[in-house]
Structure formats: structure tokens, C-alpha cells
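Worksheet for the structure shown next.
Numbering (our numbering), first residue to last: 1454 to 1903.
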């Protein structure tokens, strides 16, 4: 015969092999969850439209399953791992290898592209739901300029790329990873519905609870079978790693590890947001206490100055206009430089009540001596609110930022973790004075006539 002979193994088929075949077939159902996740994206009425779509999907799936099964039996086609897929073999036997086979291949690619797009449509929306309930960072909740959840899309793209690299773009290893996660979700959602019906006991709850319970049982069985068969792959293929005789292969192992870690991460994020909400909650008594304390708070401003220039002088003037007591701090590793800036200070700031402190830093460090000084001042004046006012250069072009040492940014990052310290900056836009001088030399014609 021209067709390959199917091995005579029927007497050796056991219950677990049947369950394994059932689980493998159920993997074709993955994707139907996109309908339930995407109900908000449907036009009104949303629920009936989603129900019709789900019915059509189930009908098409059943029709294709029966058709593929019939044709595979007629042409004696075997599905062998690493070989041509069953659908491709059926296509070659029915329509040949010419132009129609090329059309079939293009159609398969289009379907796969559409399937990939489903994840990018639904994951960002699902992530926004979790962010709304405080199980993910709040960035996932906001839409970008194009009304898309940019953070969710970028996160999914990065994770998808990482999986492709880890599993070398092997669908045989990636599909189990996907399937085990999907059927765990199916099981949890169906079990949750059973719990809902048992708790609320609405009219007809027995029928609904039975249907959801049956679904939870079936999907749980598929989940267990996939977890067992795909976690320890036997002797075929190259294992990802081995522990004695135990070989971990394909994609299921990473899901079994990552899902508990993700649940723990979700709970940790929620606890953090809950803690922050409790600490930031305001009430009338607390506000009254703060207002009473504000009348007795004394402020002290510390202004780090690398030198006396237009930017630092502007910062000192701003600080003095806001705070009653201001200290300028200069960090240096040179005695000559210290003497020079003290001389400039006496010449330029003679009429000012601002005092300058010079800190010696023999190792040319800047941030650490300043932090030590702030800590000393905080201990010396525990009743004062200390504010560090930073002069900050703002360049005209992005590349000009690279030419500066970003001292203000470094100080802000270091002071951020000092409790009881307020940090603010006074920006000085480089080129502003030049532009102002040009405007004074060449005033607009309307201004001149006025």
C-alpha cells in the first residue's frame, strides 16, 4: 500500500493515554477565552453579541474537527512530531502543491497573525482590570495618545520576545506553556462560578452550578494531564535540565513555577497599595493637627553651590525669598578653591544674611559629604523642616544634557530616601539670557510702535 500502516497498538491503549489524547485535543479550544475577556470591546448589546460570536466559534471548531478527523482517516495521515503537520498533509492531498496550496499557506499565516493580535488586544485590557483592582502597577491603567494601553502592549511584547529566545521559537515547547495556563484559568473561572451559584442560589442555580461544575472538572482534568505529561517529557528530545533521572522539558515547567510567583507578586502589590492608602488617608482631626503644627514649624534651606554664578545666585535669592534661614554649602577638595569662593562670597554677598559653609572632600566625592552634612543639621535642629534647594541647569538641546554631570539629579536621587527632607530645584535654562538680550536688541515691530 502507498499509505503508511497505522501501528497495531489498540490493545495497549490505557486510560491515561486516552486522557492525554483528550488533553491534546482540548488545546485546540484555547482562544475561546478571548471572547470572555473582550466583551467590553463588543458593540451594544455586548453580552448577546459575544454569545453569538462564541457560538459561531464553537460551531466552526466542531466542523473543522470532524472534517480533519475524517480526511486524516481517509488519507491515512499520521501526525508525527517534527514532521509536516496533519493539516498541511491534508491540504497537499486534497488541493495539490500548486497555487491553491500557496493560498492555503497564506491563509494559515493570516490566521496566526490574527491569533497573535488577540493577545495584544486582550492582555492590556486584562492588565488594566488588575491595575484598577490594585494588583498591578497603576501605569497599566492609563491609555496613551492613541487610546491604547501602551504599558500593557510594551510589556507583552517584551515577554513574548523573551519566551521566543528562551524556547528557541519552538511551538512544540511553547504550546504546552500556553495550554497549561489557559486550562488553569478555565478551571479557576468555572470553579468560581460554582461558588457564586452556591452562595447566591438564584432561580435555576442548580442547573448553572452543574454545568459550571462539569466544565471545571473537565478543564481540571486536562490541566492535570498536561502538567504531568509536559513536565516530564520521557526520553524523547533534549531536556532543558535534569535532576537525576527526572527530565524537565517543553514549556510547562516554567508555568508551574511562574504562576505561583505571579500570584505572590499580585498580592504583594496589593498589600503595598493598601498600606500606602492607609498611610495617606486624611481625616478632619489629622488636618487640624497639621494646621496647628504648621504655625510652629521653623524652616531651614540648604543650597548646594558648585560655584558663584548666575544659576546659583538665582537659587539663593529664591530660597531667601521663601525661607527665613538659608545656608549655602560648597563641597571642595582644594584649599585654594575654598579660599577663592569665600573671597567671591564676601565680594558678592556682602549685604546678604545667608551664610556659606565649605565642606572639605579629600576624595573628590560630592554626594556623600553633602548627605553627611544634611544628617548633621537634621540632628542638630530636630524641630526644623529642612529643605534642600538645588540649582539645576536645563540645556536647550537633548544632547547638551550629556555634557553636564547631572549633579542635581544625583543629589535628588540620594536625598529621596532621607525621611524628613524636602527637595526642590530651581531650573536655570541655559541660553535664556542670550535670547533675552537678542529680544531687547531687536524688539518686535508692534512693541516698538507701542
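C-beta: ideal position from N, C-alpha, C; glycine also.
By a C-beta neighbour count over all protein chains shown, 10 Å radius and 16 as the cutoff for buried, is residue i buried or exposed?
| i | result |
| --- | --- |
| residue 1806 | exposed |
| residue 1605 | buried |
| residue 1665 | buried |
| residue 1687 | At residue 1687, the pLDDT of 43 sits below 50, so the modelled position is not reliable; the number obtained from the coordinates is stated separately. So residue 1687 counts as exposed. |
| residue 1798 | buried |
| residue 1721 | exposed |
| residue 1488 | buried |
| residue 1621 | exposed |
| residue 1584 | buried |
| residue 1543 | buried |
| residue 1630 | buried |
| residue 1559 | exposed |
| residue 1839 | buried |
| residue 1575 | buried |
| residue 1639 | buried |
| residue 1768 | buried |
| residue 1657 | exposed |
| residue 1827 | buried |
| residue 1509 | exposed |
| residue 1775 | exposed |
| residue 1810 | exposed |
| residue 1636 | buried |
With DSSP collapsed to three states, give me the class of residue i.
| i | result |
| --- | --- |
| residue 1813 | strand |
| residue 1496 | coil |
| residue 1501 | helix |
| residue 1688 | Note that residue 1688 scores a pLDDT of 43, beneath 50, so its modelled location is shaky; the value from the coordinates is reported in the next line. Three-state result, residue 1688: coil. |
| residue 1803 | coil |
| residue 1587 | coil |
| residue 1558 | helix |
| residue 1656 | coil |
| residue 1536 | coil |
| residue 1834 | coil |
| residue 1734 | coil |
| residue 1642 | helix |
| residue 1767 | helix |
| residue 1474 | helix |
| residue 1552 | helix |
| residue 1528 | coil |
| residue 1491 | coil |
Quick one: Cα of residue i to Cα of residue j, how far?
| i | j | result |
| --- | --- | --- |
| residue 1642 | residue 1557 | 36 Å |
| residue 1733 | residue 1628 | 45 Å |
| residue 1824 | residue 1795 | 22 Å |
| residue 1675 | residue 1479 | 7 Å |
| residue 1504 | residue 1541 | 31 Å |
| residue 1602 | residue 1532 | 40 Å |
| residue 1873 | residue 1834 | 12 Å |
| residue 1570 | residue 1708 | 22 Å |
| residue 1875 | residue 1865 | 10 Å |
| residue 1592 | residue 1512 | 39 Å |
| residue 1551 | residue 1851 | 56 Å |
| residue 1793 | residue 1830 | 25 Å |
| residue 1433 | residue 1778 | Missing from the structure shown is residue 1433; the chain here goes from 1454 to 1903 and no further. |
| residue 1757 | residue 1871 | 16 Å |
| residue 1539 | residue 1549 | 14 Å |
| residue 1781 | residue 1760 | 10 Å |
| residue 1785 | residue 1750 | 32 Å |
| residue 1670 | residue 1679 | 14 Å |
| residue 1619 | residue 1711 | 14 Å |
| residue 1932 | residue 1663 | The structure shown does not extend to residue 1932, since the chain is modelled only from 1454 through 1903, so no value can be given for it. |
| residue 1608 | residue 1753 | 44 Å |
| residue 1514 | residue 1565 | 16 Å |
| residue 1714 | residue 1615 | 17 Å |
| residue 1589 | residue 1723 | 8 Å |
| residue 1555 | residue 1626 | 27 Å |
| residue 1516 | residue 1659 | 31 Å |
| residue 1819 | residue 1764 | 19 Å |
| residue 1472 | residue 1729 | 48 Å |
| residue 1573 | residue 1526 | 37 Å |
| residue 1791 | residue 1814 | 11 Å |
| residue 1518 | residue 1668 | 20 Å |
| residue 1553 | residue 1562 | 14 Å |
| residue 1677 | residue 1716 | 19 Å |
Kindly identify the DSSP beta-bridge partner or partners of residue i.
| i | result |
| --- | --- |
| residue 1753 | 1839 |
| residue 1784 | 1812 |
| residue 1779 | 1754 |
**Item:** Every unbroken beta strand (DSSP E) within the stretch 1837 to 1884, with a cutoff of 3 residues, ordered by chain
**Value:** Along the stretch 1837 to 1884, the beta strand (DSSP E) occurs as fully enclosed runs of 3 or more residues at 1837 to 1847 and 1874 to 1882, listed in sequence order.
**Asked** Quick one: complete beta strand (DSSP E) runs, 3+ long, within the stretch 1702 to 1730?
**Response** The beta strand (DSSP E) runs of length 3 or more contained entirely in the stretch 1702 to 1730 do not exist; there are none.
**Message:** To test your reading of the DSSP string, which unbroken alpha helix (DSSP H) runs of 4 or more residues are found completely within the stretch 1565 to 1625?
**Reply:** 1603 to 1619
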